[in-house]
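First to last, the sequence lines map onto chains A and B. Counting with our numbering, you get residues 14 to 360 for the letters of the first sequence. Counting with our numbering, you get residues 14 to 360 for the letters of the second sequence. By construction, the Cβ of each residue, glycine as well, lies at the ideal position given by its N, Cα and C atoms. Nothing here was measured: the structure is a model prediction, and the numbers come from that model.
2 protein chains.
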Amino acid sequence: MTQYNVAVVGAGAVGEEILRVLAEHHFPAKSIKVLARSARTLTVDGIDYQVEPTTAEAFDGVDIALFAGTEGEKGAAVTFGPDAAARGCVVIDNGADFRMRSDVPLVVPEVNAAALAEHKGIIANPNCSTAQLVLTLKPIHDAFKIKRVLISTYQAVSGAGGAAVNELQAQTTALGEGRQISSAGPAFPVQIAANVIPQIGGFDDAGYTSEEMKLVHETRKILGDDSIAITPMITARVPVFIGHSESVYIETEKPVTPDEARELWRNFPGLRVVDDIHSDDPSLRYPTPLAAAHKDTTYVGRVRQDLGNKNGLTFWVVSDNLRKGAATNAVQIAEALVERGWVKRGA
Amino acid sequence: MTQYNVAVVGAGAVGEEILRVLAEHHFPAKSIKVLARSARTLTVDGIDYQVEPTTAEAFDGVDIALFAGTEGEKGAAVTFGPDAAARGCVVIDNGADFRMRSDVPLVVPEVNAAALAEHKGIIANPNCSTAQLVLTLKPIHDAFKIKRVLISTYQAVSGAGGAAVNELQAQTTALGEGRQISSAGPAFPVQIAANVIPQIGGFDDAGYTSEEMKLVHETRKILGDDSIAITPMITARVPVFIGHSESVYIETEKPVTPDEARELWRNFPGLRVVDDIHSDDPSLRYPTPLAAAHKDTTYVGRVRQDLGNKNGLTFWVVSDNLRKGAATNAVQIAEALVERGWVKRGA
Numbered sequence: 014m015t016q017y018n019v020a021v022v023g024a025g026a027v028g029e030e031i032l033r034v035l036a037e038h039h040f041p042a043k044s045i046k047v048l049a050r051s052a053r054t055l056t057v058d059g060i061d062y063q064v065e066p067t068t069a070e071a072f073d074g075v076d077i078a079l080f081a082g083t084e085g086e087k088g089a090a091v092t093f094g095p096d097a098a099a100r101g102c103v104v105i106d107n108g109a110d111f112r113m114r115s116d117v118p119l120v121v122p123e124v125n126a127a128a129l130a131e132h133k134g135i136i137a138n139p140n141c142s143t144a145q146l147v148l149t150l151k152p153i154h155d156a157f158k159i160k161r162v163l164i165s166t167y168q169a170v171s172g173a174g175g176a177a178v179n180e181l182q183a184q185t186t187a188l189g190e191g192r193q194i195s196s197a198g199p200a201f202p203v204q205i206a207a208n209v210i211p212q213i214g215g216f217d218d219a220g221y222t223s224e225e226m227k228l229v230h231e232t233r234k235i236l237g238d239d240s241i242a243i244t245p246m247i248t249a250r251v252p253v254f255i256g257h258s259e260s261v262y263i264e265t266e267k268p269v270t271p272d273e274a275r276e277l278w279r280n281f282p283g284l285r286v287v288d289d290i291h292s293d294d295p296s297l298r299y300p301t302p303l304a305a306a307h308k309d310t311t312y313v314g315r316v317r318q319d320l321g322n323k324n325g326l327t328f329w330v331v332s333d334n335l336r337k338g339a340a341t342n343a344v345q346i347a348e349a350l351v352e353r354g355w356v357k358r359g360a
Numbered sequence: 014m015t016q017y018n019v020a021v022v023g024a025g026a027v028g029e030e031i032l033r034v035l036a037e038h039h040f041p042a043k044s045i046k047v048l049a050r051s052a053r054t055l056t057v058d059g060i061d062y063q064v065e066p067t068t069a070e071a072f073d074g075v076d077i078a079l080f081a082g083t084e085g086e087k088g089a090a091v092t093f094g095p096d097a098a099a100r101g102c103v104v105i106d107n108g109a110d111f112r113m114r115s116d117v118p119l120v121v122p123e124v125n126a127a128a129l130a131e132h133k134g135i136i137a138n139p140n141c142s143t144a145q146l147v148l149t150l151k152p153i154h155d156a157f158k159i160k161r162v163l164i165s166t167y168q169a170v171s172g173a174g175g176a177a178v179n180e181l182q183a184q185t186t187a188l189g190e191g192r193q194i195s196s197a198g199p200a201f202p203v204q205i206a207a208n209v210i211p212q213i214g215g216f217d218d219a220g221y222t223s224e225e226m227k228l229v230h231e232t233r234k235i236l237g238d239d240s241i242a243i244t245p246m247i248t249a250r251v252p253v254f255i256g257h258s259e260s261v262y263i264e265t266e267k268p269v270t271p272d273e274a275r276e277l278w279r280n281f282p283g284l285r286v287v288d289d290i291h292s293d294d295p296s297l298r299y300p301t302p303l304a305a306a307h308k309d310t311t312y313v314g315r316v317r318q319d320l321g322n323k324n325g326l327t328f329w330v331v332s333d334n335l336r337k338g339a340a341t342n343a344v345q346i347a348e349a350l351v352e353r354g355w356v357k358r359g360a
């Protein structure tokens, strides 16, 4: 079996999760090196990784580099990605910098693995909120043609990085002890514990956030259909550590029933339908972020036909934003490349 | 000045909030009696109220009775409301039991105070999530005619009563101390801290919850227009103590710009526009439930035109669910009756 020299760039929450998923999936790694700003030892699930500083030379001999990406600023892939690709390494970038470039495939393997064939050394992983959404849209779009999508999100703080997780934890401790929280930040402009913040990313001239516009552009690119009208009603941060939830409404060209949708989803890889609303077991009634945490799967439930409109369907999608929203999807891209022999170099 | 004998029925979170709002608003009360299941002393903001058991006779001589209502079960207004009304008392019920009856006005005073003229002794207060929604819809509907509404909610636990608040607080303390939460309940079927629960109320045959259907039926009744298509995409519980948030999308017959909407809202009572997204002061950028708590006002922000559709508008509405969603609106109904001389009896 061919094995590959792998580099993981980034030693934060997503970097750690990539290392975890590579191990869980038994990825055929000959070696795994971890690159970040500065050298240190990173321990993930009992395994020690020696973190080396990221340099162009560090990619020599690397077959696949998984860049964790960063929130809000240019990722290491901007600085090192093209160099790494020039050295024959396939770059899989979880950051936002390359996603909309026409020469870079943006891939959720269950949806558009074929797009990997055209890669020129750099492949983009979609934004967390897009990945779980397109999984649910794809089979419906193929069968019933989706004309429009409206979405409101409930996003976990881990999508904003480790500082955001620490901020929610510290505020939770304070609230748990009955203490007042006097100041917010640095991760969020206002208190996130016991609150909802209706902003993720910066604002454009029309008042939409970057997170909202990612849902529009990335979804169209992955589904390969710019005709779908997508309305990001809001992308909001909720006081949840792991797991993004999405309230979704779609209109289809052909009428679609909840049963038809559930059947399509049951047969689609990466998805699990949790929609037994009358079950005695609460975990079978509908998905929640807490139940989805640390899972590779994306869960869909609360499926209903629109009231008085057979071409409308509304549902609830939940996934671990660090897994399918980041690490799992990136590793799955690597696996798809390996399966198809589209990694340039193996040992 | 005419003064009134007032009864508040219910000594839970909403009952307490009604007493607080009556005091803050300097309601012309000659007397205030508090009725509940059993006698005890209730202290609200330093004022002691002697709670008496609710009986039909307790309403003798009462001019206005404000029923706090209960979550999920038949309220005291079912048992005692008709009796109280027969004794000449005007009943204002915050419970769900009477809202959709054709002989009971369902009122948000800023929107449809005129409907109070037809009251036959019982007046209904809308559900918390409806009250704040209709405030934002009314001026837009009058000026641009709303054809459809889609909504996803982010609702605070206090809407589910005191046990729910205690449950979130206990779970928050556990999480703050790094402890595992082994079991959920009794208020919620699964852990609510650090989670989102996409269910409020029971399910109907189409899979919608009672909370979702209240948004449909109550909104149409208050706006007096059954032609509006309303899609409750989800009503979800978030780990917030006070303040419901709503992500709303509307389609209007005539195109409406964000500036036109904001101008209408600025001139509408009970509403405040918080939409200065580039402000240095985070509290002016958009509303959050934490900032809306303990306020009578409903806040609206994140106003945007739909992408590529001038007849679509999306925005974010936040209000204190115990205030405008319950106590404040009930007291405002009483105030509207007093102003118009529509209380049957004053002393």
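**Report entry** contact_flag[the stretch 97-107 of chain B, the stretch 68-86 of chain B] where n(CB pairs < 8 Å) is 3 or more
**Finding:** yes
Query raised in the report: Going by DSSP, what residues sit across from G325 (chain A) in a beta bridge?
Result: A:E264
Query raised in the report: Does the beta-carbon distance from I194 (chain A) to R250 (chain A) come in below 7 Å?
Result: no
Report task. Could you tell me if A340 (chain A) is buried or exposed, where buried requires 16 or more neighbouring beta carbons within 10 angstroms of its beta carbon? Result -> buried
Query raised in the report: The alpha helix (DSSP H) spanning D106 (chain A) covers which residue range?
Result: Careful: D106 (chain A) lies outside any alpha helix (DSSP H), inside the beta strand (DSSP E) at V103 to D106.
Report task. Under 9 Å between beta-carbons, which chain B residues line up against T270 (chain A)? List them in chain order, please. Result -> In chain order: nothing, as chain B lies at least about 11 Å away.
**Report entry** chain D within 7 Å of W278 (chain B), Cβ atoms only
**Finding:** Checking the listed chains, one finds no chain D in this structure; the protein chains it contains are A and B.
Query - Beta-carbon gap between L284 (chain A) and L150 (chain A) smaller than 7 Å - result: no
Query raised in the report: Which term fits G59 (chain B), buried or exposed, when burial requires 16 or more other beta carbons within 10 angstroms of its beta carbon?
Result: With fewer than 16 Cβ atoms within 10 Å of its Cβ, G59 (chain B) is classed as exposed.
Query raised in the report: Does I247 (chain A) come within less than 7 Å of chain B when only Cβ atoms are used?
Result: yes
Query raised in the report: Alpha carbon to alpha carbon, what distance is there between T166 (chain B) and I210 (chain A)?
Result: 13 Å
Query raised in the report: According to DSSP, is A249 (chain B) helix, strand or coil?
Result: strand
Query raised in the report: When you compare only the Cα positions, how much space is there between A187 (chain B) and F254 (chain B)?
Result: 16 Å
Query raised in the report: Taking buried to mean at least 16 other C-beta atoms within 10 Å of its own C-beta, is G198 (chain B) buried or exposed?
Result: exposed
Requested in this report: Please say whether V91 (chain B) and D110 (chain B) have beta carbons closer to each other than 7 Å?
Outcome: yes
Query raised in the report: Helix, strand or coil: which one does DSSP assign to G88 (chain A)?
Result: coil
Query raised in the report: Cβ of A360 (chain A) less than 7 Å from any chain B Cβ?
Result: For A360 (chain A), the predicted structure reports a pLDDT of 43, less than 50, and the residue's modelled location is therefore unreliable. The matter cannot be settled from this model.
Query raised in the report: What residue range is occupied by the uninterrupted beta strand (DSSP E) comprising A78 (chain A)?
Result: Element bounds for A78 (chain A): I77 to F80.
Requested in this report: Determine, using beta carbons only, whether A219 (chain A) comes closer than 7 Å to chain B.
Outcome: yes
Query raised in the report: Looking only at its own chain, which residues have a Cβ that is under 6 Å from the Cβ of Y62 (chain B), when we skip the five neighbours before and after it?
Result: So the qualifying residues of the chain are V47 and L55.
**Report entry** Short CB-CB distance (under 7 Å) between F254 (chain A) and chain B
**Finding:** yes
Query raised in the report: So, helix, strand or coil for F157 (chain B), using DSSP?
Result: helix
Query raised in the report: From what residue to what residue does the alpha helix (DSSP H) around A187 (chain B) run?
Result: G175 to G189
**Report entry** Environment of T15 (chain B) [buried if 16+ CB atoms lie within 10 Å]
**Finding:** Counting Cβ neighbours within 10 Å, T15 (chain B) comes out exposed, since fewer than 16 surround it.
Requested in this report: Return the chain-ordered list of same chain residues with a C-beta closer than 8 Å to the C-beta of A360 (chain B), the five sequence neighbours on each side being excluded.
Outcome: Caution applies to A360 (chain B), whose pLDDT of 43 falls short of 50 and renders its modelled position unreliable; the model cannot decide the point.
Report task. Give the residues from the stretch 309-333 of chain A that approach chain B closer than 9 Å (Cβ to any Cβ), ordered along the chain. Result -> G314, R315, V316, R317, Q318, D319, L320, G321, N322, G325, T327, F328, W329 and V331
Query raised in the report: How is F72 (chain B) classed by DSSP in three states: helix, strand or coil?
Result: In the displayed model, F72 (chain B) falls within a helix according to three-state DSSP.
Query - Cross-strand partners of E19 (chain B) (DSSP beta bridge) - result: Contrary to the premise, residue 19 (chain B) reads as Val rather than Glu in this sequence. B:I45 and B:I77.
Query raised in the report: Looking at the structure shown, is R112 (chain A) part of a helix, part of a strand, or coil, going by DSSP?
Result: coil
Report task. Can you give me the start and stop residues for the alpha helix (DSSP H) that V351 (chain A) sits inside? Result -> Start and end: T341 to R353.
Report task. Note down, in chain order, all residues in the stretch 146-160 of chain A with a beta-carbon under 8 Å from any beta-carbon belonging to chain B. Result -> none
Query - Own chain, CB closer than 7 Å to G134 (chain A), minus 5 neighbours either side, in chain order - result: A98, V103 and V104
Query raised in the report: Cα separation between A219 (chain A) and A130 (chain A)?
Result: Rounded to whole angstroms, A219 (chain A) to A130 (chain A) spans 36 Å at the Cα level.
Report task. Pull up the DSSP beta-bridge partners for V229 (chain A), would you. Result -> DSSP output for V229 (chain A) lists no bridge partner at all.
Query raised in the report: Within the 7 Å Cβ cut-off, does N208 (chain A) reach chain B?
Result: yes
**Report entry** Chain-order list of residues whose beta-carbon lies under 8 Å from that of S299 (chain A) (same chain, five-residue window excluded)
**Finding:** Checking the sequence shown, residue 299 (chain A) turns out to be Tyr, not Ser. Here the set comprises V287, D288, I290, G314, R315 and W329.
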